[in-house]
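Participant:
2 protein chains.
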Amino acid sequence: MVDETTKNFPTNKEIPSLLRNRGIFPTRQRVRVAQEMLCRPQHVTADQLFMAVNAKHPAVARATVYNTLSIFVNAGLVSVLTMPDGGTVYYDSSVHHHAHIFDEESGELMDVDADVFSLAQHVALPDDAEVTGVDLVVRVRRKTTG
Amino acid sequence: MVDETTKNFPTNKEIPSLLRNRGIFPTRQRVRVAQEMLCRPQHVTADQLFMAVNAKHPAVARATVYNTLSIFVNAGLVSVLTMPDGGTVYYDSSVHHHAHIFDEESGELMDVDADVFSLAQHVALPDDAEVTGVDLVVRVRRKTTG
DNA sequence: GGACTGTTTTAGATCTGGTCTAAATCCAAT
DNA sequence: ATTGGATTTAGACCAGATCTAAAACAGTCC
């Protein structure tokens, strides 16, 4: 279901040049946050990331994590999403256009490859509207695992 | 685009019986909140509603507005949605399954009739997953009005 | 090197949306 | 009128996120 081939996650070593390529000066803090955020597929809150980054020893201040995350969002390195209900903000290390499945019981959030843009074609839009993004969350309940 | 015929919004006078039909005791406060929330198509935050209800004179406490809204959500009288980015929680007076268009420039949120459930069929789901809800937001920019 | 400049980070204060609590009020049934 | 359960209230509280002003850091020029 999830097609990892559509995105290659960088290794820790690749992070500094990756940031530089995006015009982001790779400070120690930014590199640490990026390594924790970008190197695997995941959906985390800013606070989870803050704790992960500082797990072993204090490394990066809270404000820096928040700032850095929005720098990454602007640079297109991570995407943002929130649960349709609830309002918790998650950061997603996958930026290609994809949909999400939300398991209502476990609260788990999964990526699904789906051409959400072509799905959106089936929605009647105003003539002058240019689509800039499509967010699709399918909420499910597992019949067996319930 | 928006098809008002798919939902009839109640009049102020109909609110008490509407609540009673749903098993909600129609207190003065609940009726006030319902009148402000349910009688027309809209997307509002809890706080906007709180202020609207108390615009002329203090009428309902903040906590009551929040409690009442979640009672209405549980009863299926209103639906909840959050902006994929941002995390602001909106309450929607339309409960039939529909999609949303979000104008990135104006911040305006509009209903669109679309069979989101059948759209979700095109997404590859786990075998044992039963769809309980589909949230679709198409973000747009207006070419002319920009 | 050392002084200067702009950028980044920091700790902690602050803001904000939302929930909790314990007391007061309401309402229906006796 | 009194009782008892449901509802509402004001204000305290909480968590996530942002703001602030000071300190640390790079890079440049002498």
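Keeping their order, the protein sequence lines are chains A and B. For the first sequence, the numbering used here gives the first residue as 24, with consecutive numbering after it. For the second sequence, the numbering used here gives the first residue as 24, with consecutive numbering after it. Glycine is no exception: its CB is placed at the ideal position from the N, C-alpha and C atoms.
Starting from the C-beta of S102 of chain B, find all residues in its chain whose C-beta is less than 8 Å away, skip the five residues before and the five after it, and write them out in chain order.
Facilitator: The sequence position of residue 102 of chain B within the second sequence is 79, counting from 1. Excluding sequence neighbours, S102 of chain B sits near V96, Y114, D115, S117, V118.
Participant: Is F125 of chain B closer than 8 Å to R165 of chain B when the C-beta atoms are compared?
Facilitator: In the second sequence, residue 165 of chain B corresponds to position 142, counting from 1. In the second sequence, residue 125 of chain B corresponds to position 102, counting from 1. No. Outside cutoff.
Participant: List the residues of chain B whose Cβ lies closer than 8 Å to the Cβ of P107 of chain A, in chain order.
Facilitator: Looking up residue 107 of chain A in the first sequence gives position 84. Here the neighbours are V103, L104, T105, G156, D158.
Participant: Could you tell me which chain A residues have their CB closer than 9 Å to the CB of I124 of chain B, listed as they occur along the chain?
Facilitator: Here residue 124 of chain B corresponds to residue number 101 of the second sequence, with the count starting at 1. In chain order: V146, L148, P149, A152.
Participant: What residues in its chain sit with their C-beta under 8 Å from that of T68 of chain B, if we drop five residues either side in the sequence?
Facilitator: For the purposes of this step, residue 68 of chain B is taken as residue 45 along the second sequence, with counting starting at 1. Same-chain partners within the cutoff: T111, V112, Y113, Y114.
Participant: Counting only Cβ-Cβ distances shorter than 9 Å, please list the residues of the region 27–57 of chain B near chain A, keeping chain order.
Facilitator: none
Participant: Quick one: complete beta strand (DSSP E) runs, 3+ long, within the region 53–131 of chain B?
Facilitator: 102–105, 112–115, 122–126
Participant: Quick check on DSSP: helix, strand or coil for R51 of chain A?
Facilitator: Mapped onto the first sequence, residue 51 of chain A falls at position 28. Reduced to three states, the DSSP call for R51 of chain A is helix.
Participant: Name the two residues that bound the continuous alpha helix (DSSP H) containing L142 of chain A.
Facilitator: Along the first sequence, read from residue 1 onward, the residue named residue 142 of chain A stands at position 119. Segment 139–143, the alpha helix (DSSP H) holding L142 of chain A.
Participant: What are the partner residues of G156 of chain A, as DSSP defines its beta bridges?
Facilitator: One-based indexing of the first sequence puts residue 156 of chain A at position 133. B:R162, per the DSSP bridge assignment.
Participant: Run the CB neighbour count on A152 of chain B, radius 10 Å, all protein chains shown included, and call it buried at 16 or more, exposed below.
Facilitator: For the purposes of this step, residue 152 of chain B is identified with residue 129 of the second sequence, where counting begins at 1. Buried.
Participant: Between L142 of chain B and chain A, is the shortest Cβ-Cβ distance under 8 Å, so that the two count as touching?
Facilitator: Looking up residue 142 of chain B in the second sequence gives position 119. Interface residue, yes.
Participant: Out of curiosity, what's the CA-to-CA distance linking E59 of chain A and M133 of chain B?
Facilitator: Here the question's residue 59 of chain A lines up with position 36 in the first sequence. Here the question's residue 133 of chain B lines up with position 110 in the second sequence. Roughly 37 Å between the two C-alpha positions.
Participant: Please confirm whether G110 of chain A has its beta-carbon closer than 8 Å to some beta-carbon of chain B.
Facilitator: Stepping through the first sequence from its first residue, residue 110 of chain A is reached at position 87. Yes, because at least one Cβ of chain B sits closer than 8 Å to the Cβ of G110 of chain A.
Participant: According to DSSP, simplified to helix, strand and coil, what is G169 of chain B?
Facilitator: Residue mapping note: residue 169 of chain B aligns to position 146 of the second sequence, counting from 1. With a pLDDT of only 48 at G169 of chain B, under 50, the local geometry of the prediction cannot be trusted, and the value read off the model is given with reservation. G169 of chain B carries a coil assignment under DSSP once its states are collapsed to helix, strand and coil.
Participant: Measure the C-alpha to C-alpha separation of D70 of chain A and T34 of chain B and round it to an integer number of angstroms.
Facilitator: Translated into positions along the first sequence, residue 70 of chain A becomes position 47. Translated into positions along the second sequence, residue 34 of chain B becomes position 11. Cα-Cα distance, rounded: 44 Å.
Participant: At least one CB of chain A closer than 8 Å to the CB of E131 of chain B: is that the case?
Facilitator: If you number the second sequence from 1, residue 131 of chain B lands on position 108. Not one chain A Cβ lies under 8 Å of E131 of chain B.
Participant: In whole angstroms, what separates the C-alpha of V157 of chain A from that of S129 of chain B?
Facilitator: Position 134 of the first sequence holds residue 157 of chain A. Position 106 of the second sequence holds residue 129 of chain B. A straight-line Cα-Cα distance of about 17 Å links V157 of chain A and S129 of chain B.
Participant: Whole-angstrom Cβ separation of T91 of chain A and Q52 of chain A, contact assumed at under 8 Å?
Facilitator: Residue mapping note: residue 91 of chain A aligns to position 68 of the first sequence, counting from 1. Residue mapping note: residue 52 of chain A aligns to position 29 of the first sequence, counting from 1. With 8 Å as the limit, T91 of chain A and Q52 of chain A qualify as a contact, their Cβ atoms being about 7 Å apart.
Participant: If the cut is a Cβ gap below 8 Å, which residues of chain A does R85 of chain B touch?
Facilitator: Here the question's residue 85 of chain B lines up with position 62 in the second sequence. Simply none; closest approach about 17 Å.
Participant: Short check: CB of A57 of chain A to CB of L42 of chain A, under 8 Å?
Facilitator: Within the first sequence, numbered from 1, the residue matching residue 57 of chain A stands at position 34. Within the first sequence, numbered from 1, the residue matching residue 42 of chain A stands at position 19. Cβ atoms of A57 of chain A and L42 of chain A: closer than 8 Å.
Participant: What does T167 of chain B touch in chain A if you count any residue whose Cβ is under 7 Å from its own?
Facilitator: Sequence index remark: in the second sequence, residue 167 of chain B carries index 144 (1-based). Ordered by position in chain A, the residues that pass the 7 Å Cβ test against T167 of chain B are D151.
Participant: Is it buried or exposed for R55 of chain A, if we count other Cβ within 10 angstroms and need 16 for buried?
Facilitator: Counting from 1 along the first sequence, the entry for residue 55 of chain A is found at position 32. Counting Cβ neighbours within 10 Å, R55 of chain A comes out buried, since at least 16 surround it.
Participant: Could you name the residues of chain B that E59 of chain A contacts, counting a contact when the two beta carbons are closer than 9 Å?
Facilitator: The residue given as residue 59 of chain A occupies position 36 in the first sequence. Chain B residues near E59 of chain A: none, gap ~21 Å exceeds 9 Å.
Participant: Buried or exposed: which applies to H121 of chain A, given that a residue is buried once 16 or more other Cβ atoms fall within 10 Å of its Cβ?
Facilitator: Numbered from 1 along the first sequence, position 98 holds the residue referred to as residue 121 of chain A. Answer is buried; the Cβ neighbour count reaches 16.
Participant: Taking D136 of chain B as the reference, give the member of A:V139, A:K30, A:A143 with the closest Cα.
Facilitator: Position 113 of the second sequence holds residue 136 of chain B. Closest option to D136 of chain B, Cα to Cα, is A:A143.
Participant: Does the CB of A137 of chain B have a neighbour CB from chain A at under 8 Å?
Facilitator: Taking the second sequence and counting its residues from 1, one reaches residue 137 of chain B at position 114. Interface residue, yes.
Participant: Taking V160 of chain A as the reference, give the member of B:H145, B:K79, B:K30 with the closest Cα.
Facilitator: For this step, residue 160 of chain A is matched to residue 137 along the first sequence. Taking only the C-alpha atoms, the option nearest V160 of chain A is B:H145.
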